[in-house]
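The structure appears right after this line, and notes come after that.
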Amino acid sequence: MEHRSQAERDAVTVEIGFAVLTGALLAGAAFVAVCAPAFLMASGGGVGPGLLLAATVVAGLVFVGRVVDVLWRFGRRATEREVDGRVPVLPDQPSQPGRTSPDS
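For what it's worth, the numbering used here labels the leading residue of the sequence shown as 9, then goes sequentially.
Next comes the structure, spelled out in structure tokens:
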């Protein structure tokens, strides 16, 4: 097990915080999206327990999916940088936006 620098530990901490925050926001939006039709069409009866359970399950899946996606991408990005101890070389970009390079 190799030791990580403070910058690497900070990057992991920030990435985890970003994953949890965006996951919570997307889960809240998913919960509201599932419950919104019932709120709009409810005639004073409110939202049924089955719909609340479904909204909670969808929100939980969205949260877990977002956290896993963000952290998976972060892990892959960190691994790709460490190949042969070099940063991967990116292709040349055109000198002006909207134009292709002469060899393409």
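Positions of the beta carbon are idealized from the N, C-alpha and C atoms, including for glycine.
**Prompt:** Does the pairing of the segment 25-41 with the segment 58-67 give three or more beta-carbon distances under 8 Å?
**Reply:** These segments touch.
**For G56, the first and last residue of its enclosing alpha helix (DSSP H)** = To locate residue 56, count along the sequence shown from 1; it is residue 48. First-last for G56: undefined, no H or E at that position.
**Asked** What's the C-alpha gap between F82 and L34?
**Response** As a working note, residue 82 is residue 74 in the sequence shown. As a working note, residue 34 is residue 26 in the sequence shown. About 19 Å.
**Asked** In whole angstroms, what is the alpha-carbon distance linking V75 and R17?
**Response** Within the sequence shown, numbered from 1, the residue matching residue 75 stands at position 67. Within the sequence shown, numbered from 1, the residue matching residue 17 stands at position 9. When rounded, the distance between both Cα atoms is 18 Å.
**Message:** Give me the residue from L79, V55 and V70 with the minimum Cα distance to G31.
**Reply:** Against the sequence shown, residue 31 aligns to sequence position 23. Put simply, of L79, V55 and V70 the residue whose alpha carbon is nearest the alpha carbon of G31 is V70.
**Helix, strand or coil at E10 according to DSSP, with G and I counted as helix** = If you number the sequence shown from 1, residue 10 lands on position 2. It is coil, neither helix nor strand.
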